[in-house]
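Here the structure comes first, spelled out in structure tokens, and everything after it is commentary.
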Amino acid sequence: MPSRLAPTPTVLDEQALARLRELDPGGANHLVQRVVDAFLKSLDQHAPVLAQGCNDLTDLGALRHVAHTLKSAAASLGATTLSQRCAEIEAQARDGRRDGLPALLDAVLADIEGVRIAMRPLLQPTR
């Protein structure tokens with residue numbers, strides 16, 4: 001069973017996931033699955049704002065808010081690259097710097113897709 005829960009190591013940090021698993025020894029409460037499911041739903045909500053930003057950088061406040069929200073959640077689940085790029089977007093948006101932001105947003109959208117794929121094995125199969 002542990003092999004089913006092993007994510008792609010280059011996308012997710014196994015140590016961060018291990019810390020989360022420690023909060024639910026034995027997995028009786030399905031904590032990892034519930035947290036991952038909530039995170040994936042959050043990605044569904046926030047990714048469109050990031051995609052919109054690739055073409056329209058008028059609402060830096062929305063980009064900053066979304067990047068801030070995803071930064072912390074991604075870090076707690078071990079998606080460190082996604083978290084770091086979100087931190088960069090947050091800082092640039094906060095400072096009003098638009099240069100290079102579309103390329104960074106494209107990279108984050110690619111990171112999001114990689115994280116989605118890496119997290120699929122962490123979800124319980126449908127009954």
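In full-length UniProt numbering, the protein residues as written are 1 to 127. For glycine and all other residues, C-beta sits at the position ideal for the given N, C-alpha and C.
If you draw a straight line from the Cα of residue 92 to the Cα of residue 110, it comes to about 19 Å.
With a cutoff of 8 Å on beta-carbon distance, residue 57 and residue 70 are scored as not near each other. The region 92 to 106 makes no contact with the region 16 to 34, as fewer than three CB pairs between them are under 8 Å.
For residue 105, the three-state secondary structure derived from DSSP is helix. If you look at residue 55, you'll find it in the alpha helix (DSSP H) that goes 31 to 55. Between the beta-carbon of residue 79 and that of residue 115 there is about 5 Å, and that keeps the pair under the 8 Å contact cut.
In the three-state DSSP reduction, residue 85 falls in the helix class (H, G or I). One alpha carbon belongs to residue 11, the other to residue 18, and they sit about 15 Å apart. Secondary structure at residue 115: helix, using DSSP grouped into helix, strand and coil. In the DSSP assignment, residue 98 falls outside any alpha helix (DSSP H) and carries neither an H nor an E. Scanning its chain for C-beta atoms nearer than 7 Å, with the 5 sequence neighbours on each side dropped, one finds around residue 85 the residues 104, 107, 108 and 111, in chain order. In the structure shown, the three-state DSSP call for residue 17 is helix.
Bounds of the alpha helix (DSSP H) holding residue 66 are 60 to 76.
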